[in-house]
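Since the structure comes first, as structure tokens, the remarks are kept for the end.
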Amino acid sequence: MKLGRLRVAATAGAVLAGVVIASALAANGGRAGHDGGRAGEAVLAHGSDRLPNHTASDWVTYADHVVVVTAKAERELPADQEEIEAGQGYLPREVTLEVEDTLWSRDGAAKSAPVAEFAWPAAGWTFGEQGRRPLAVQGRPRIEVGHTYVLAIVWVPAFTDGGETVPGQWRGLGESSVLPYDGGVIGDGESEGRIQSAAATMDERASEGPDGPSLEETMMGKSAADLAAALDAARPGERQDFGPR
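Residues 127 to 371 (our numbering) are what the sequence shown spells out, left to right.
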């Protein structure tokens, strides 16, 4: 399998939502950067954030909208011919998200919030000698059909990457901008391809870093209304231009 970025190419499904994979995935489907992993478990890769997303201020600075969505359908996209011939590689995935609610919108956003449904480029599957396994990014929801999420989204216009045109699409900000939201509780639902609960993960995910707890961590166990209130109270910072990424 190719190392470095995974298929950031012209098809929307090949661009992972809000993340560029930075880990090399082992050809046998083992967890990247982790020990072992049983068959059927998600292969975990590491990613880097597209845009700042740690705090409420980051969200209101860089997101265009914050929406509640439910994943309704998914479709597999083809692997590169080179990977097919090699017998190992990556299969992209595109998920159809149905918009349940818009919690917040930035004044001056270039594009109105989606009101019905939209396509979301999501992590797909690795394939190789030991079969096919789902890929997930460490610490982030994989976006599974039937589950609900809160997303901070930004519209990225069409751009050219390596001579190929990437179509305009909604994308995320990074690790803390896609929140599980099953049953109306932030932190309950799918993450890394498995089901978790806010109550069980609050202590595990408590931040000890110099930047303090993330917005996701402070919202664990709360509702979308609580998140909307936090965003309404937040002050945007100075926007920096990071490009389409």
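All C-beta atoms, glycine included, are put in the ideal place defined by N, C-alpha and C.
N-terminal and C-terminal residue of the alpha helix (DSSP H) that residue i is part of
{"i": "E211", "result": "Q207 to A212"}
{"i": "Y188", "result": "A182 to Y188"}
Per-residue DSSP class, three states only, for residue i
{"i": "T410", "result": "Absent from the structure is residue 410, since the part of the chain shown begins at 127 and ends at 371."}
{"i": "G338", "result": "coil"}
{"i": "D352", "result": "helix"}
{"i": "D367", "result": "coil"}
{"i": "E200", "result": "strand"}
{"i": "A359", "result": "helix"}
{"i": "E255", "result": "coil"}
{"i": "E167", "result": "coil"}
Distance between residue j and residue i (C-alpha atoms, nearest Å)
{"i": "W230", "j": "Q256", "result": "44 Å"}
{"i": "W251", "j": "S317", "result": "16 Å"}
{"i": "L177", "j": "M345", "result": "20 Å"}
{"i": "P240", "j": "V292", "result": "19 Å"}
{"i": "H160", "j": "A262", "result": "Because H160 sits at a pLDDT of 33, beneath the cut-off of 50, its placement in the model cannot be relied upon, and the point is left open."}
{"i": "T222", "j": "L341", "result": "26 Å"}
{"i": "G298", "j": "G213", "result": "31 Å"}
{"i": "G310", "j": "A350", "result": "7 Å"}
{"i": "V193", "j": "G215", "result": "32 Å"}
{"i": "Q295", "j": "A235", "result": "14 Å"}
Per DSSP, cross-strand counterpart(s) of residue i
{"i": "Q322", "result": "G315"}
{"i": "T274", "result": "T196"}
{"i": "A284", "result": "None, per the DSSP bridge assignment."}
{"i": "P260", "result": "W251"}
Closer than 7 Å: residue i CB and nearest the ligand GTP heavy atom
{"i": "A325", "result": "The model on display carries no ligand, and the ligand GTP is accordingly not part of it."}
Endpoints, beta strand (DSSP E) assigned at residue i
{"i": "D308", "result": "Run containing D308: none; DSSP gives neither H nor E here."}
{"i": "E290", "result": "E290 to V292"}
{"i": "R266", "result": "No beta strand (DSSP E) holds R266; DSSP gives it neither H nor E."}
{"i": "G93", "result": "In the structure as shown, the chain begins at 127 and stops at 371. Residue 93 is therefore absent and cannot be evaluated."}
Item to check | Within the region 212–250, ranges of the beta strand (DSSP E) (whole runs, at least 3 residues) | outcome: 215–231
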